[in-house]
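> Pasting in a structure now, in structure tokens, and then I'll have a few things to ask.
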Amino acid sequence: AAGAAATLAEAFAGDAHVLGLLPRGEVTGSLTRLWRRIVHETFEAGGHVYLAVGEDRSRPEGVALWEAPESKVHLSQMLPGLLSYARVFRGRIADAFITEFLTQRAHPRAPHWYLKALGTLPRAQGTGIGTRLLEDRLVAIDREHAGTYLEASTERLVPYYERFGFASRGPVPCRGTVPAVGMWRPPAV
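Using the numbering used here, read the sequence shown as starting at 1 and increasing by one per residue.
What follows is the structure in structure tokens.
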């Protein structure tokens, strides 16, 4: 879990949506603690964590966090980690939890897989690692005839996900940061 968290922290180090919720200051440590908590909660809820490991096996080059239709992390499941979240968000914790509540409320009502995070180390971006992590899972989801939902954390990522059959559902409401874009991929027929 620590390697996945470190990779996601580095991958999201420039992400305006995530950074907008963090207090100013030591961002790297905050991001690592945040992702460690999120990876832990994903496992606890029965979610899936996929890793892409390159030649340097010290840590993953890419990470995908998925929540299955029956394994969503709800706000009530985040309460045991409240102290961890308080350390990360400090005075911004209300904005962070309101944003999480609004994000969960924006999910489609139909059962679906949820791509909670897809991150690649900056040095490995553009090498196809993220694409492989995404495609491998989408093939399996298509066999289940299930829908898939995600939030693109920037408008710049919308065309990337559209290549895989996702369509924008518009901005996801948030508080204290820039909005993400909700995206839906319908079940395969």
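Backbone N, C-alpha and C define an ideal beta-carbon position, used for all residues, glycine too.
Just curious, the alpha helix (DSSP H) that A94 is in, first and last residue?
To locate residue 94, count along the sequence shown from 1; it is residue 94. Note, A94: alpha helix (DSSP H), I93 to R105.
> Under 8 Å by Cβ, that's how I've got P23 and R90 pegged, so tell me the actual separation to the nearest angstrom.
In the sequence shown, residue 23 corresponds to position 23, counting from 1. In the sequence shown, residue 90 corresponds to position 90, counting from 1. Rounded, the Cβ-Cβ distance is 5 Å, consistent with contact.
> I need the straight-line Cα distance from A106 to A146, nearest angstrom please.
As a first step, residue 106 is located in the sequence shown; it is residue number 106 there, counting from the start. As a first step, residue 146 is located in the sequence shown; it is residue number 146 there, counting from the start. Approximately 18 Å, taken between the alpha carbons.
> Determine the burial state of R37: buried for a count of at least 16 other Cβ atoms within 10 Å of its Cβ, exposed for fewer.
Taking the sequence shown and counting its residues from 1, the one referred to as residue 37 is at position 37. Buried, by the Cβ-count rule.
> Should the region 97-105 be called in touch with the region 63-81, which here means at least 3 C-beta pairs below 8 Å?
Judged by Cβ distances under 8 Å, the region 97-105 makes contact with the region 63-81, as three or more pairs qualify.
> Assign L150 to one of three DSSP states: helix, strand, or coil.
Taking the sequence shown and counting its residues from 1, one reaches residue 150 at position 150. Strand, per DSSP.
> What are the complete beta strand (DSSP E) segments, minimum 3 residues, inside the region 45-101?
Whole beta strand (DSSP E) segments, 3+ residues: 48-52 and 62-67.
> Would you mind stating whether G119 and A11 have Cβ atoms separated by less than 9 Å?
Position 119 of the sequence shown holds residue 119. Position 11 of the sequence shown holds residue 11. Yes, these two residues count as a Cβ contact at 9 Å.
> At the level of alpha carbons, what is the spacing between V18 and T177?
As a working note, residue 18 is residue 18 in the sequence shown. As a working note, residue 177 is residue 177 in the sequence shown. Between V18 and T177, the C-alpha separation is close to 8 Å.
> So that I know if they touch, is there some Cβ in chain C lying closer than 9 Å to that of Q104?
The displayed structure is made up of one protein chain only, and chain C is not part of it.
> Whose C-beta lies closer than 6 Å to the C-beta of P111 among residues of the same chain, with five residues either side of it excluded?
Position 111 of the sequence shown, counting from 1, holds the residue named residue 111. These residues qualify, in order along the chain: P69.
> If you follow the alpha helix (DSSP H) that L133 is part of, which residue opens it and which one closes it?
Reading the sequence shown from its first residue, position 133 is the one you call residue 133. Taken as a continuous stretch (DSSP letters only), the alpha helix (DSSP H) holding L133 covers I129 to E144.
> Measuring only the C-alpha atoms, how far is C174 from D95?
By 1-based counting over the sequence shown, the position of residue 174 is 174. By 1-based counting over the sequence shown, the position of residue 95 is 95. The alpha-carbon atoms of C174 and D95 are separated by roughly 8 Å.
> Considering T7, what are the terminal residues of the beta strand (DSSP E) in which it resides?
Counting from 1 along the sequence shown, the entry for residue 7 is found at position 7. T7 -> not in any beta strand (DSSP E); alpha helix (DSSP H) instead, spanning A2 to A11.
> Does DSSP put G29 in a helix, in a strand, or in coil?
As a working note, residue 29 is residue 29 in the sequence shown. Reduced to three states, the DSSP call for G29 is helix.
> Using the Cβ count rule (16 or more neighbours within 10 Å means buried), how would you classify T148?
Numbered from 1 along the sequence shown, position 148 holds the residue referred to as residue 148. It counts as buried.
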